[in-house]
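Line by line, the protein sequences are chains F and E. For the first sequence, this note's numbering begins at 1 and goes up steadily by one. For the second sequence, this note's numbering begins at 1001 and goes up steadily by one. All C-beta atoms in this analysis are idealised placements derived from N, C-alpha and C, irrespective of residue type, glycine included. Right, one structure below, let's go through it.
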Amino acid sequence: MDVRSQVSMVFHLDKCIGCHTCSVACKNIWTDRKGADYMWWNNVETKPGTGYPTKWEDQSKYNGGWHSNGNGRLRIKSIGKARIVPNIFHNPHMPSMDDYYEPWTYDYQNLFNAPEGSDQPTAEPISMIDGKKIDVQSGPNWDDDLGGSPLYAANDPNLEGLTEQQKLQLSSVERLVFFYLPRICNHCLNPCCVASCPSGALYKRGEDGIVLVDQKKCRAWRSCVSACPYKKVYFNWFTGKSEKCILCYPRLETGQAPACFHSCVGRIRYLGVLLYDADRIEDVAKLPDDELVEGHRSMILDPHDPEVIANAKKCGISDGVIEAAQNSPVYRFVMEWKIALPPHIEYRTLPMLFYVPPMSPVQASKEDDVIHHSSDNLFHDIDSSRVPMQFLANLFGAGHEGVVRYALAKQKAVRWHRRAETVGDIDRETADRMLREADCTREEAEEIYKLTALCTYEDRFVIPPMHREQAIEMMKEPHEHREETGFGFVGGPQRGM
Amino acid sequence: MSRSIMLRGTVVLAVVLTATMADAQDSPDYFRQNCMNCHTIGGGRLTGPDLKDLSKRRVGRDWMIDFLLNPKAVIDAGDSYAQEIFDASGGKVYMPVGPGMTKQRAEDLLDLIDAESKLEKSQFKGRQFSNKPFTTADRKRGRQIFEGTQQLKAGGASCISCHSMHDTPALGGGRLGPDLTEVVTRLKGRKSLSAWLVAPGTETMQPIFKGHPMSDDEIHSLVAYFEASAGKSPSEPSANRIALLLMGLVGAAGLVFVFDSLWKRRFHNVRRQLVDVSSPGDHP
């Protein structure tokens, strides 16, 4: 058993209000630079919608992630040792600027410098790449709140497998629905970007599992860009190096939550340590689609189990980290309550960011200006929710409904339980029956309610002690490090070797 | 230590000996490779005069040596005898300076010519070519040899690699050597052209054909071809250039097609397609 620790995340989609505060916080700290202007290490997408870059989930086009060919071999879809030679001058699966967007700003100087004219001067949009005036045609969040859009929502790749009727409902009045999907790097256990890099510039930090790009080793192959199925590695066109979400490791190392977590208005984000068995990564990544979610869970170890603790210590994990793992809110959502699910696990990168699937209103119909609900049972009928079960299953269950149904049923039961407790219009017996049906107890429902609705900063973010001194000691003589550190980069990353 | 010095001494001695012997030995070879394409000894006039009994000419040995060292200078200086032989050659062909010509080399050559002149039948009498008239088959075969559809038996490069003719198809021949349409006129007819082909004397051709001489039969066919083409207008380089450009364009278009189908599964713009398909004429 090769026990390792991973800083993992849960995003509670039922709480997300789509305010983009997380994106702005991240942008201001990390990507407000030339060449990084189009990067959104954190972005919030409207679902159903095409996301950013456009239709990133359509792997028949982008060719991201792993392919398991059934006879026990995992292969990167986009590139391989043999295929890199004939494609050395052109990576055939690279998204173009048009699939992101051409970053732009406004010509504010014109407001001050414009010559006298018959009308007021305007600040026209200008490209941040060549400085010329542009006709803005798309942006990082172009389909924001456009649920029901025949252009964006109707082309969501997750609509696969829905009946024509269900698809129609998603864009009809009084049935239309959308929810938000905030996305950052998943810091996967089986990261395709790391595996694809010919220069070995990408690596997964041993002590906390954060996936990083070494700016001095990156040689601009951009294999990571095409390999990452979540399109969360971006190429800086100015420095000629790839960049990605660093999970604000400088903040984590000083005990602060990452900026997007810290700034989250809806408090939807949870961060904590998970212990997992690294020996099983390859076996799990090869499982058939319907076993992936369970397989992924089975790798995550119980931090209270004495045997796991003993093995963790043997593997060099410190007591502080084990303690953080025991208090991890992520462990409770993912393992104890099983209501948080990995996104698109069929890409086989084993993401370590989990989503609590969102609830949605039940379907309704309109007759003579009167709105009728098709279900009398507003809190029970998850099958008549406006977001079709199959849609959520495509997002969070590799196309299989079971795990999503379980997570939604439990959330419904918690609502019934709380309604019985506080409003009292539902009798206790019915609420308890609901809980039983959802594989939940009163105590568990209370816990879920508390961590969902009443959570404090300390409840949401259990940041392990990073013990940088130990990590440094593994690589270098500490005194030598002390002498060299503190100067940072003498120059920024640059093109070339 | 002493052994290695001895070894080195032996090597140096061997090299010096070989060099000297080669020097002494190669006058006939030199003559064969550099002189025989224009001169014979007792075989009659080619482009240049027959050299038999050279020492009995009215100019002396010193004149000969000066002439060998720089024929053009002697001719241009207005020397009467030089003018005479220059006019006899048609007044156009200056004798080239032989490669690596030195005073010693000139002396050796003159000695060789003297010695050979005394023989009944000199080895440099020149190859005797038949005078039988050329047939259509000869000309056809000559053209095949020129264009390389029929290889030279000794493995020499085909003429088309460096030369072109009035009727060379498509892209034309090489541009390194001159157009050979008028070569029969330039080299004064069948006999001297044939002699030239036995041992081509220019700096470019000599090293190529030195080890791969053409056979009498091949020379016969080639000369037949060259003779028939005399008087035709030579190939037009600009026409060839247009043909080349057109073929290049067609080839490039073909390659684009091939690579486009090879990389068919590459990433194509997703957003633009989506917008265009979903709302034609209504974007952005």
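Inset, instruction - Note down the Cα distance separating Leu-292 of chain F from Pro-351 of chain F, rounded to an integer number of angstroms. - result: Between the alpha carbons of Leu-292 of chain F and Pro-351 of chain F lies a distance of about 11 Å.
Inset, instruction - For Ile-134 of chain F, name the three-state secondary structure that DSSP assigns. - result: Here Ile-134 of chain F sits in coil by DSSP.
Inset, instruction - Please name the residue, chosen from E:Phe-1259, E:Arg-1139 and E:Ile-1242, that lies closest to Leu-1171 of chain E on a Cα-to-Cα basis. - result: It is E:Ile-1242.
Inset, instruction - Work out the CA separation of Ala-1252 of chain E and Thr-1202 of chain E for me, nearest whole Å. - result: Those two C-alpha atoms are separated by around 38 Å.
Inset, instruction - Compare the C-beta of Phe-1267 of chain E against all C-beta atoms of chain F and say whether one is closer than 8 Å. - result: Taking CB atoms only, Phe-1267 of chain E has a neighbour in chain F less than 8 Å away.
Inset, instruction - Would you list the residues sitting across from Met-1247 of chain E in a DSSP beta bridge? - result: None; Met-1247 of chain E has no bridge partner.
Inset, instruction - Measure the C-alpha to C-alpha separation of Leu-1152 of chain E and Glu-1227 of chain E and round it to an integer number of angstroms. - result: Straight-line Cα distance between these residues: approximately 19 Å.
Legend entry - Terminal residues of the beta strand (DSSP E) in which Glu-45 of chain F lies: Looking at the DSSP string, the run of the beta strand (DSSP E) that includes Glu-45 of chain F is 43–47.
Inset, instruction - Would you mind giving the Cβ-Cβ distance between Glu-346 of chain F and Arg-183 of chain F, rounded to the nearest angstrom? I have them listed as a contact below 8 Å. - result: In this structure Glu-346 of chain F is not in contact with Arg-183 of chain F, their Cβ atoms being roughly 17 Å apart against a cut-off of 8 Å.
Inset, instruction - For Gly-272 of chain F, name the three-state secondary structure that DSSP assigns. - result: Three-state result, Gly-272 of chain F: strand.
Inset, instruction - Determine the closest residue to Gln-363 of chain F out of F:Pro-388, F:Met-1 and F:Ile-339, with distance taken between C-alpha atoms. - result: Nearest in C-alpha terms to Gln-363 of chain F, of all of F:Pro-388, F:Met-1 and F:Ile-339, is F:Pro-388.
Inset, instruction - Kindly indicate which residue of F:Trp-30, F:Glu-421, F:Leu-395 and F:Ala-438 has the alpha-carbon position closest to the one of Leu-408 of chain F. - result: Out of F:Trp-30, F:Glu-421, F:Leu-395 and F:Ala-438, F:Ala-438 has the C-alpha closest to the C-alpha of Leu-408 of chain F.
Legend entry - Residues that Met-94 of chain F contacts on chain E, provided the C-beta gap is smaller than 7 Å: Ordered by position in chain E, the residues that pass the 7 Å Cβ test against Met-94 of chain F are Phe-1267.
Inset, instruction - Have a look at E:Trp-1196, E:Leu-1112, E:Arg-1105 and E:Gly-1211 and flag the residue whose alpha-carbon is nearest the alpha-carbon of Ala-1154 of chain E. - result: It is E:Gly-1211 whose Cα lies nearest to the Cα of Ala-1154 of chain E.
Legend entry - Three-state class that DSSP yields for Arg-1057 of chain E in the structure shown: In this structure, Arg-1057 of chain E counts as coil in the three-state DSSP scheme.
Inset, instruction - With 8 Å as the limit, tell me which residues of the stretch 38–68 of chain F have their beta carbon closer than that to any beta carbon of chain E; keep them in chain order. - result: Of all residues in the stretch 38–68 of chain F, only Thr-50, Pro-53, Thr-54, Lys-55, Asp-58, Lys-61, Tyr-62 and Asn-63 come within less than 8 Å of chain E when Cβ atoms are compared, listed by chain position.
Legend entry - From E:Leu-1249, E:His-1166 and E:Arg-1175, residue whose alpha carbon lies closest to that of Ala-1230 of chain E: Residue E:His-1166 is the option with its Cα nearest to Ala-1230 of chain E.
Inset, instruction - Compare the beta carbon distance of Ala-153 of chain F and Leu-146 of chain F with 8 Å and say whether it is the shorter of the two. - result: Yes.
Legend entry - Per-residue burial, Ala-1022 of chain E [other beta carbons within 10 Å of its own, 16 or more giving buried]: At Ala-1022 of chain E, the pLDDT of 45 sits below 50, so the modelled position is not reliable; the number obtained from the coordinates is stated separately. Flag for Ala-1022 of chain E reads exposed.
Legend entry - Any alpha helix (DSSP H) of 4 or more consecutive residues that is wholly inside the stretch 1085–1140 of chain E: With a minimum length of 4 residues, the continuous alpha helix (DSSP H) runs that stay inside the stretch 1085–1140 of chain E are 1103–1118.
Legend entry - Environment of Lys-232 of chain F [buried if 16+ CB atoms lie within 10 Å]: With 16 or more other Cβ atoms from the protein chains shown falling within 10 Å of its own Cβ, Lys-232 of chain F counts as buried.
Legend entry - Residues that Leu-1274 of chain E contacts on chain F, provided the C-beta gap is smaller than 9 Å: Within chain F, the residues near Leu-1274 of chain E are Thr-50, Thr-54, Lys-55, Leu-151, Tyr-152 and Asn-155.
Legend entry - Cβ-Cβ distance between Pro-53 of chain F and Asp-99 of chain F below 8 Å: A contact, by the Cβ cut-off of 8 Å.
Legend entry - Cβ separation of Phe-571 of chain F and Lys-47 of chain F, assumed to be a contact under 8 Å, to the nearest whole Å: This structure cannot settle anything about residue 571 of chain F, because the visible part of chain F is limited to 1 through 497.
Legend entry - Cβ neighbours of Leu-176 of chain F in the same chain (closer than 7 Å, five flanking residues each side left out): Within the same chain, Leu-176 of chain F has close Cβ partners Gly-147, Gly-148 and Leu-170.
Legend entry - Amino acids of chain E, ordered along the chain, whose beta-carbon sits closer than 9 Å to that of Ser-242 of chain F: Those do not exist, as Ser-242 of chain F stays about 17 Å from chain E at its closest Cβ, beyond 9 Å.
Inset, instruction - Taking Lys-1125 of chain E as the reference, give the member of E:Asp-1114, E:Thr-1185, E:Glu-1116 and E:Gly-1042 with the closest Cα. - result: Out of E:Asp-1114, E:Thr-1185, E:Glu-1116 and E:Gly-1042, E:Gly-1042 has the C-alpha closest to the C-alpha of Lys-1125 of chain E.
Inset, instruction - Flag this pair as yes or no: are the beta carbons of Gln-411 of chain F and Met-335 of chain F separated by less than 8 Å? - result: Taking the C-beta atoms as reference points, Met-335 of chain F is found no nearer than 8 Å to Gln-411 of chain F.
Inset, instruction - May I ask you to list the residues that DSSP assigns as paired with Thr-105 of chain F? - result: BP columns for Thr-105 of chain F point to F:Ile-126.
Inset, instruction - Could you pull out every residue in the same chain whose Cβ sits closer than 6 Å to the Cβ of Ala-398 of chain F, ignoring the five residues on either side in sequence? - result: Asp-289, Leu-292, Ile-345 and Glu-346.
Inset, instruction - Give me the Cβ distance between Ser-1192 of chain E and Leu-1046 of chain E, rounded to the nearest whole Å; I'm assuming they're in contact under 8 Å. - result: 4 Å between Cβ atoms; contact.
Inset, instruction - Scan the stretch 1140–1151 of chain E for residues whose Cβ lies nearer than 9 Å to a Cβ of chain F and list them as they occur along the chain. - result: Result list empty, no residue passes.
Legend entry - Residues near Ser-5 of chain F in its chain [Cβ-Cβ closer than 6 Å; skip 5 each side]: Taken in chain order, the residues that qualify are Val-273, Leu-275, Ile-317 and Val-321.
Inset, instruction - May I ask whether a heavy atom of the ligand NAD can be found less than 7 Å away from the beta carbon of Asp-305 of chain F? - result: The ligand content of the structure shown is nil, which means the ligand NAD is not present either.
Inset, instruction - Using alpha carbons as the reference points, say which of F:Glu-282, F:Ser-384, F:Ser-172 and F:Trp-416 lies closest to Arg-442 of chain F. - result: Closest by alpha carbon: F:Trp-416.
Inset, instruction - Could you have a look at Ile-345 of chain F and say whether DSSP puts it in helix, strand or coil? - result: Of the three classes helix, strand and coil, the one that applies to Ile-345 of chain F here is helix, per DSSP.
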